[in-house]
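These notes concern the structure reproduced below.
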Amino acid sequence: MRQDGTVFVFTPDGEREVGQFPEGTPEEALAFFTQRYDALAFEVQLLEQRIRNGAMSPDEASTSLAKVADLLVEPRAVGDLVGLSARLDALRPLLGVQRGQRRADRARKQEESRARKEQIVVEAESVSTGQDWRNGVNRLRDLLEEWKALPRLDKRQDDELWHRFSSARTAYTRRRKAHFNELNEKRESARVVKERLVTEAESLSGSTEWGPTSTRYRSLMQDWKSAGPAPRDVEEPLWQRFRAAQDVFFGARDAANAEQDKEFAENAETKKALLVEAEALLPVKDLDATKRAFRDLADRWDAAGKVPRDQIKTLEGRMRKVEQAIRQVEDDQWKRSDPEKSARADDMLGQLERAVAGLEADLEKARAAGDDRKVKDVEAQLASRQQFLDMARQAASDFS
């Protein structure tokens, strides 16, 4: 430092003036220009850290490197200026390496983007030809968001893949719209059909023709299922009306059947009491008296009416055994009796024929009314009487 306050710094090229500090001591002058060096060293250190950490792009780093290097051209500072310049020079090869890495990364990301966009296109085209109308639209929306997040490719490749992707979305949207239009038409047709079915179901709810009406309700239910779904806002209300109409009818039918079952149960008790009387006629001692008593019991038996279906076979079987036992005694006597007794056999035969004819008439009426339960009951009684009639005819033929 000269007397006039001029400060110099030694470099490989010799001394170089860095500035003047005329009003201070040499120590203060040195400290002033050393602080300037420290500021330059901090700039270099910060730049080193940002470049080595990859916090800056190579182009940004190159610009910053040039600016800091300009500050080291004849800097007005005291310190290892050569060392700072050397540190900056050491960063330049690193920028070249980073540029190469950036190019490789861009190429890799471009290839990954191209491969993924091709996958997106293929999946979109697959969705566009399917019929997943609910999940398909959501999936295409997700694929679009993913496409937007991917890096662009070169214009030709990107445009070509985007055209395929967009076409797939458009095709799916059109097919989906057509599907729901067709579905709406079908639902509207179903609404018309179901409104008609509800009207008929409600008109039948008060019917007491249990057999035919039950059959008709089953048919209406099949028509309801075949009609398909109506629009959502009317489907449930229509179903509630349809179901309510059925509930009214079947509730009334069940109540009537319960009352009928009660009546049949009482009839069964009556017939059980008659069976006690009938079975007490055996063994036969006085055939004529027994037959008169049995004819009276048979009339009372028929007058007692129907019994529960699960008891028909048992009760009729017991009554038939008594009748067969009487018939067997009568057959034996017929074989040993004179022709006058055949008249009595004819009388029994006539009664049975009239009973069978009456049951056949009842059966026809039950079938015409569609009363399946009555049909089965009458058929069971008819089978029993027909068997008795066959036996009577066989016995009458023995007198011929």
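In short: position in the sequence shown from 1, add 41, done, that's the working numbering. Built from N, CA and C at the ideal position, the CB exists for glycine as well. It should be emphasised that the depicted structure is a prediction, and the values quoted were computed from it without experimental measurement.
| request: Could you give the DSSP three-state label for arginine 117: helix, strand or coil? | output: coil
| message | In this structure, how does DSSP classify glutamate 68 when only helix, strand and coil are distinguished? | response | helix
| Hey, how far is the Cα of threonine 249 from the Cα of leucine 400? | 23 Å
| query | Starting from methionine 97 and walking both ways along the alpha helix (DSSP H), at which residues does that stretch end? | reply | It is not in any alpha helix (DSSP H) - methionine 97 carries neither H nor E in the DSSP assignment.
| message | Let me make sure I understand the geometry here. Which of Val233, Pro349, Ile92 has the alpha-carbon closest to that of valine 419? | response | Pro349
| request: Would you identify the three-state DSSP class for valine 325, choosing helix, strand or coil? | output: coil
| query | Between which two residues does the alpha helix (DSSP H) harbouring alanine 271 extend? | reply | Careful: alanine 271 lies outside any alpha helix (DSSP H) and carries neither H nor E.
| Runs of alpha helix (DSSP H) lying entirely within the region 295 to 381, each at least 4 residues, in chain order | 328 to 345, 350 to 377
| said: Once the 5 residues before and after lysine 235 are set aside, which same chain residues still bring their CB inside 6 Å of it? | reply: Ala268, Ala271, Leu279
| With a Cβ-Cβ cutoff of 8 Å, do alanine 309 and glutamine 281 count as a contact? | no
| query | proline 192 by DSSP, collapsed to three states: which one? | reply | coil
| Own chain residues within Cβ distance below 7 Å of glutamine 151, not counting five before or after | Pro192, Leu194
| Among residues of its own chain, excluding the 5 on either side of glutamate 357, which ones have a beta-carbon nearer than 6 Å to its beta-carbon? | Ser425
| query | In the region 156 to 234, which residue ranges form an unbroken alpha helix (DSSP H) of at least 4 residues, counting only runs that do not cross its ends? | reply | 176 to 190
| request: Kindly give me the distance between the Cβ atoms of threonine 331 and leucine 322, rounded to whole angstroms, as I take these residues to be in contact under 8 Å. | output: 5 Å
| task | Apply the 10 Å Cβ neighbour rule to proline 99 and answer buried if 16 or more other Cβ atoms are within range, or exposed otherwise. | result | buried
| task | May I have the straight-line CA-CA distance separating methionine 42 from lysine 108, to the nearest angstrom? | result | In this predicted model, methionine 42 has a pLDDT of only 47, less than 50, meaning its place in the structure is not dependable enough to derive any value.
| query | From Gln76, Gly120, Pro324, Ala409, pick the residue whose C-alpha is nearest to that of valine 370; which is it? | reply | Pro324
| field | With 16 other Cβ atoms within 10 Å as the buried cut-off, status of arginine 434 | value | exposed
| request: Please work out which residues of its chain come closer than 7 Å, Cβ to Cβ, to glutamine 444, disregarding the five sequence neighbours upstream and downstream, and give them in chain order. | output: Outside the displayed span of the chain (42 to 441) sits residue 444, for which this structure offers no information.
| Who are the near neighbours of histidine 220 in its chain, counting only those whose CB is closer than 7 Å to its CB and skipping five residues on each side? | Trp174
| query | Straight-line CA distance for glutamate 187 to threonine 170? | reply | 21 Å
| In terms of alpha-carbon separation, which member of Leu315, Asp372, Lys354, Ala334 lies closest to alanine 345? | Leu315
| message | Please classify phenylalanine 83 as buried or exposed, where buried requires at least 16 neighbouring CB atoms within 10 angstroms. | response | exposed
| Rounded C-alpha distance that separates lysine 225 from tryptophan 265 | Residue identity differs from the one stated: residue 225 is asparagine in this sequence, not lysine. Near 17 Å, if we compare the C-alpha coordinates of tryptophan 265 and asparagine 225.
| Residues near leucine 261 by beta carbon distance below 6 Å, same chain, minus five either side | Leu238, Ala242
| field | Exposure of glutamine 139, with buried meaning 16 or more beta-carbon neighbours within 10 Å | value | buried
| query | Less than 7 Å between the CB of threonine 104 and some heavy atom of the ligand HEM, yes or no? | reply | This structure lacks the ligand HEM; in fact it carries no ligand of any kind.
| task | Please state whether DSSP places glutamate 252 in a helix, a strand or coil. | result | Per the sequence presented here, residue 252 reads as glycine, with glutamate not at that position. DSSP places glycine 252 in helix when its eight states are reduced to three.
| DSSP state of aspartate 111 mapped onto helix, strand, coil | helix
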